[in-house]
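*Asks:* Listed in order, the protein sequences are those of chains A and B. So the first sequence is residues 1 to 99, counted in the UniProt record's numbering. So the second sequence is residues 1 to 99, counted in the UniProt record's numbering.
Protein chains: 2
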Amino acid sequence: MNIEQANSAAEDERRVAIFKALAEQNRLRIIRVLYQTPREMTCSEVGEQLNISKSTVSYHFKALRLVGLTNTRQVAQTKYLSLQLATFDRYLPGFLATL
Amino acid sequence: MNIEQANSAAEDERRVAIFKALAEQNRLRIIRVLYQTPREMTCSEVGEQLNISKSTVSYHFKALRLVGLTNTRQVAQTKYLSLQLATFDRYLPGFLATL
DNA sequence: TCGTTAGTTCGATAACTATCGAACCACAAA
DNA sequence: TTTGTGGTTCGATAGTTATCGAACTAACGA
Chain A
1 MNIEQANSAA
11 EDERRVAIFK
21 ALAEQNRLRI
31 IRVLYQTPRE
41 MTCSEVGEQL
51 NISKSTVSYH
61 FKALRLVGLT
71 NTRQVAQTKY
81 LSLQLATFDR
91 YLPGFLATL
Chain B
1 MNIEQANSAA
11 EDERRVAIFK
21 ALAEQNRLRI
31 IRVLYQTPRE
41 MTCSEVGEQL
51 NISKSTVSYH
61 FKALRLVGLT
71 NTRQVAQTKY
81 LSLQLATFDR
91 YLPGFLATL
């Protein structure tokens, strides 16, 4: 096994995790709304817009954060979400523009 | 809801299906081996290389084909697999180059 | 201090998925 | 016509995931 293959194999786990995170309706909608909205958004705001319970939104937020697709900026008890563009650039260049 | 949003919503189902198809170790390895091998490959050939049973390979081949990520060229009882580049270009431009 | 707001975690449930061997089908080769 | 090859489908199983309400924590505001 050469270096490129070893590298690919090592990164596959990460790639699979990222695809899993994007392979779900609500998370994809979260990504789009974050991409298309010109301001930061909170958990409850997204929950209202997508009409899902706050526990489910929290669950999805965590899933996106864990694979590095989003960032969180916390202000008091409120969390603002934004896209981690570097991850998209590295693993899915050009994807956001297709939304 | 404007036209772009309606269009996005309609295509989300397809997008989710494509991400689901890629969110699995063995299918990702199949995609890579197809991308990196300069000739067509058969089911059994891939199965040997990835060391998985032929029924499982068949299952994954079907999954990739159903979402339009691959093509099949049949010659007698042998099926040759290749990537459907148009799908990657439309939904995941630049992804293959990251492998 | 007391109620409110923002979000997390838990427990339960229902649905989906990856995997294998076995049985099967279609075709080719002997 | 029998044997072998390439692939699909089936049935079973084990593991994963999306969802909700309820209970909880932390922080703000009156």
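Note that the Cβ used here is the ideal one computed from N, Cα and C, for glycine as well.
Y91/B: buried (16+ other C-beta within 10 angstroms of its C-beta) or exposed?
*Replies:* Per the 10 Å Cβ criterion, buried.
*Asks:* Just to confirm the assignment: which complete beta strand (DSSP E) runs, minimum length 3, are found wholly within the UniProt domain "HTH arsR-type" (7 to 99) of chain B?
*Replies:* Listed in chain order, the complete beta strand (DSSP E) runs (minimum 3 residues) inside the UniProt domain "HTH arsR-type" (7 to 99) of chain B are 70 to 75 and 78 to 83.
*Asks:* Based on Cα-Cα distance, which residue from L96/A, T70/A, L99/A and L85/A lies nearest to T42/A?
*Replies:* The shortest C-alpha separation from T42/A is found at T70/A.
*Asks:* Out of T72/B, D89/B and S53/B, which has the shortest C-alpha to C-alpha gap to E40/B?
*Replies:* With distances taken between Cα atoms, E40/B lies closest to T72/B.
*Asks:* Here's a check: name, in chain order, each residue in its chain whose Cβ is nearer than 8 Å to the Cβ of S58/A, leaving out the five neighbours to either side.
*Replies:* Cβ within range, chain order: C43.
*Asks:* Give the straight-line distance between the Cα atoms of I93/A and Q25/A, rounded to the nearest whole angstrom.
*Replies:* Correcting the residue identity first, residue 93/A is Pro in this sequence and not Ile. Rounded to whole angstroms, P93/A to Q25/A spans 20 Å at the Cα level.
*Asks:* Using 8 Å as the threshold, is the C-beta distance between I30/A and V16/A below it?
*Replies:* Not a contact, by the Cβ cut-off of 8 Å.
*Asks:* Have a look at F88/B, E48/B and L99/B and flag the residue whose alpha-carbon is nearest the alpha-carbon of R65/B.
*Replies:* Residue F88/B is the option with its Cα nearest to R65/B.
*Asks:* Use the C-beta contact count for V75/A: other C-beta atoms within 10 angstroms, 16 or more gives buried, fewer gives exposed.
*Replies:* Per the 10 Å Cβ criterion, exposed.
*Asks:* Check each residue of the region 70 to 98 of chain A: if its Cβ is closer than 9 Å to any Cβ of chain B, include it; give the result in chain order.
*Replies:* For the region 70 to 98 of chain A, which is checked against every Cβ of chain B, the residues closer than 9 Å are R90, Y91, L92, P93, G94, F95, A97 and T98.
*Asks:* Using a cut-off of 7 Å between C-beta atoms, extract the partners of Q25/B located in chain A.
*Replies:* Those within 7 Å of Q25/B in chain A are D12 and V16.
*Asks:* List the residues of chain A that L22/B touches, going by C-beta distances under 7 Å, in chain order.
*Replies:* Simply F19.
*Asks:* State yes or no: is the beta carbon of L66/A nearer than 8 Å to at least one beta carbon in chain B?
*Replies:* It does not: the Cβ of L66/A has no partner Cβ on chain B nearer than 8 Å.
*Asks:* Alpha carbon to alpha carbon, what distance is there between Q49/A and R27/B?
*Replies:* The straight-line gap from Cα to Cα measures roughly 34 Å.
*Asks:* Rank A86/B, I52/B, L22/B and K79/B by C-alpha distance to the C-alpha of D12/A and give the top, closest one.
*Replies:* Of A86/B, I52/B, L22/B and K79/B, the residue nearest in Cα terms is L22/B.
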